[in-house]
Amino acid sequence: MSEVSLLEFADKISLIMPQIMREFSRHQADELHKGKITLPQFLILENLNSQGQQTMTALARYMHVTTAAMTGIIDRVVRDGYVVRTAEPDDRRIIRIKISPKGIKLVEKFNKNQRSMILKIFGKISDKDRRDYLRILMQIRDILVTGINPNIEK
293 MSEVSLLEFA
303 DKISLIMPQI
313 MREFSRHQAD
323 ELHKGKITLP
333 QFLILENLNS
343 QGQQTMTALA
353 RYMHVTTAAM
363 TGIIDRVVRD
373 GYVVRTAEPD
383 DRRIIRIKIS
393 PKGIKLVEKF
403 NKNQRSMILK
413 IFGKISDKDR
423 RDYLRILMQI
433 RDILVTGINP
443 NIEK
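Residue numbers (this note's numbering): 293 to 446.
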């Protein structure tokens, strides 16, 4: 592959990423692809499935949204039976959210489909390229987690 400037790289990534995301989504669980559940709703389900029951405040912090915005997201997944909302017996202002068996089933189906798709795709890529890809993704994750300022040019 020939040398690519950072600007050219950014342009190519900007074109490729939506295509990859669309294709991953298209091959995923029907509920997510057919619009029965949104990506933010699914991220909440994944978080509840892995971390357990949480307060509305904790979920809002996790998603970087206000508690009012989180209420709207949770209202829809409660309505659809993916989570259960309960008030704390000692303080009814504290609302706890727990994933339901239906929500767990959806997350498990999604994860099973995702794993299968990753195996099919990355089975066609060399071990070295898989290791390099994983290393780069981990670097990107670390940069995103520690915070970046998109207005700073290097």
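From the three backbone atoms N, C-alpha and C, an ideal C-beta is built for every residue, glycine too.
Does DSSP classify residue i as helix, strand or coil?
i, result
"residue 345", "coil"
"residue 372", "coil"
"residue 300", "helix"
"residue 382", "coil"
"residue 417", "coil"
"residue 390", "strand"
If I measure Cβ to Cβ from residue i and keep anything under 7 Å in the same chain, skipping five residues before and after, which residues do I get?
i, result
"residue 362", "348, 351, 352, 355"
"residue 365", "332, 333, 336"
Assuming contact is defined by CB atoms lying nearer than 8 Å, are residue i and residue j in contact in what I supplied?
i, j, result
"residue 386", "residue 377", "no"
"residue 414", "residue 422", "yes"
"residue 409", "residue 319", "yes"
Between residue i and the rest of its own chain, which residues show a CB-CB distance below 8 Å, the 5 nearest in sequence each way excluded?
i, result
"residue 280", "In this structure the chain extends from 293 to 446, so residue 280 is not present and cannot be described."
Taking only beta-carbon atoms, is residue i less than 8 Å away from chain C?
i, result
"residue 330", "Structure shown: chain C not included; a single protein chain is present."
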